[in-house]
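With the sequence shown counted from 1, adding 2 to any position gets you the working numbering.
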Amino acid sequence: MRIVLMQISIVVPVFNESATLPSLMQALQSWQSASHSNFEILFVDGGSTDNTVAMLQKEGYRVISSSKGRAWQMNTGAAQTQHKVLLFLHADTQLPKQALELIDHALNEQHCWGRFDVRILGKPWMLKVVARMMNWRSRITGIATGDQAMFMTRDAFNQVGGFPGQALMEDIEISKRLCKLSPPACISVPVLTSGRRWEERGVWRTIVLMWRLRLAYWLGQKPDVLAKQYR
């Protein structure tokens with residue numbers, strides 16, 4: 003039987019995100035006004051030392067605290083929300099206005115989880131190529147990244163034990179576990195995500211770094227070691 007959604011919990015892990023919050027909150031306000039669905043938004047702070055929490059609370063958003071690390075923050079947020087569908091959104095990623103309706107159509111008997119295509123915002127032309135490769139790779143492998151705004155039923159989330167408690171590649175690992183339950187629903191309407199990490203480090207340098215880290219992870223390197231190399 004098809005699950006009637008329209009009740010969704012959006013979990014946003016944050017850590018020192020004061021620079022990105024104005025654009026995120028503006029996008030959320032626009033998105034909220036266009037949505038007729040029943041949803042809740044929960045921000046999970048990992049110990050920010052800037053005014054991230056104050057900015058969110060000033061705008062009336064619910065904020066809770068957690069141990070630092072996206073995996074732990076997202077698990078903490080999931081445990082503090084109530085709806086049957088979970089959407090995990092990065093602070094530098096913006097949802098399309100029809101996001102909840104798209105999720106409603108995507109989750110069915112064949113798909114208990116999924117993700118969006120992604121478009122990377124930034125000046126370098128190569129970012130368009132990076133996004134296309136990410137979307138193509140995800141369709142081929144069934145592996146999603148956090149930038150693609152992963153969503154799933156709460157039952158599926160619980161069945162795989164939530165995000166694994168690791169410092170990096172938690173999105174890859176939970177994708178592998180979710181794939182054992184069903185293939186992902188791939189929504190072609192993209193989320194918009196910031197290209198700041200590519201612009202700060204250099205596009206080609208970041209591409210090489212990410213592929214090297216992914217290869218090391220597949221070969222069995224510990225996530226804690228990879229996280230140090232990533233930072």
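We treat Cβ as the ideally placed atom computed from N, Cα and C, and that holds for glycine.
For the candidate residues the options, whose alpha-carbon lies nearest to that of residue i?
| i | options | result |
| --- | --- | --- |
| K130 | W206, A73 and S67 | W206 |
| L215 | I189, C188, G197 and M171 | M171 |
| K182 | T143, I189 and K230 | T143 |
| V13 | I174, P24, P186 and A80 | A80 |
| Q150 | R179, G164 and P186 | P186 |
| Q1 | N77, V162 and I10 | Because residue 1 is not part of the residues shown, which for the chain are 3 to 233, the question remains open. |
| M128 | Y63, Q59, E175 and G204 | G204 |
| Q59 | M27, G71, F90 and Q75 | M27 |
| S177 | K230, F90 and Q223 | F90 |
| G116 | D173, G167 and G163 | D173 |
What whole-angstrom Cβ distance do residue i and residue j have, given they're in contact under 8 Å?
| i | j | result |
| --- | --- | --- |
| L88 | V191 | Incorrect: roughly 19 Å between the Cβ atoms, too far for contact. |
| L97 | I66 | That pair is no contact at about 21 Å. |
| S32 | H113 | About 27 Å separates the two Cβ atoms, so there is no contact after all. |
| W200 | P126 | 7 Å |
| T83 | E42 | 6 Å |
Beta carbon of residue i, beta carbon of residue j: below 8 Å?
| i | j | result |
| --- | --- | --- |
| H92 | T208 | no |
| V193 | F118 | yes |
| A169 | P225 | yes |
| K86 | T155 | yes |
| R141 | C188 | yes |
| A158 | M152 | no |
| L23 | M57 | yes |
| L197 | L102 | Per the sequence presented here, residue 197 reads as Gly, with Leu not at that position. No. |
| A73 | F165 | yes |
| V55 | M76 | no |
For residue i, does the count of other Cβ atoms within 10 angstroms reach 16, so buried, or fall short, so exposed?
| i | result |
| --- | --- |
| L221 | exposed |
| W138 | exposed |
| E202 | exposed |
| E61 | exposed |
| S69 | exposed |
| V210 | exposed |
| T95 | buried |
| G48 | buried |
| N110 | exposed |
| N53 | exposed |
| M135 | exposed |
| N160 | exposed |
| L217 | exposed |
| V6 | Caution applies to V6, whose pLDDT of 46 falls short of 50 and renders its modelled position unreliable; the model cannot decide the point. |
In the DSSP output, what is residue i paired with across the bridge?
| i | result |
| --- | --- |
| P186 | In the DSSP output, where bridge partners are listed per residue, P186 has none listed. |
| F118 | I189 |
| P15 | V46 |
| F41 | I10 |
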